[in-house]
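Working notes, beginning with the structure itself.
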């Protein structure tokens, strides 16, 4: 989401829902997401159209999604955001490995 463009914030619900619809994860409520507010440096922040508070409220409404404000130009928080989503993805993958896979079960029926 671009902190400098209100429209990108206004489409978050659509993007989030469409991703879940297309990816069809087994547990959508626990699927790892983060929200990155980029371009916080645009004209020293004077072009900011999405307040941090508004972005954090959206994240809270979606189950406390982690939120990071970043600036690629100033190399601010970019690594932290990537490390967070990588960590969440690995944690999610581990949790998924712990679930039984229905394809791994074999039932022999004898008549």
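Numbering (our numbering), first residue to last: 31 to 141.
All C-beta atoms in this analysis are idealised placements derived from N, C-alpha and C, irrespective of residue type, glycine included.
All of these numbers come straight from a predicted model, not from anything done at the bench.
Applying the 10 Å Cβ sphere with the 16-neighbour rule, what's the burial state of residue i?
i: residue 93; result: exposed
i: residue 99; result: buried
Can you give me the C-alpha to C-alpha distance between residue i and residue j, rounded to a whole angstrom?
i: residue 84; j: residue 124; result: 32 Å
i: residue 46; j: residue 40; result: 11 Å
i: residue 117; j: residue 77; result: 32 Å
i: residue 44; j: residue 50; result: 10 Å
i: residue 101; j: residue 63; result: 19 Å
i: residue 143; j: residue 48; result: Absent from the model: residue 143. The displayed extent of the chain is 31 to 141, so no value can be given.
i: residue 32; j: residue 91; result: 19 Å
i: residue 122; j: residue 103; result: 31 Å
i: residue 55; j: residue 38; result: 24 Å
i: residue 36; j: residue 79; result: 5 Å
Taking 7 Å as the cut-off, decide whether the C-beta atoms of residue i and residue j are in contact.
i: residue 65; j: residue 95; result: yes
i: residue 111; j: residue 69; result: no
Under 6 Å Cβ to Cβ from residue i, same chain only, skipping five residues before and after it: list those, please.
i: residue 114; result: 64 and 96
Between which residues of its own chain and residue i is the CB-CB distance below 8 Å, once the five residues before and five after are set aside?
i: residue 107; result: 98, 99, 100 and 101
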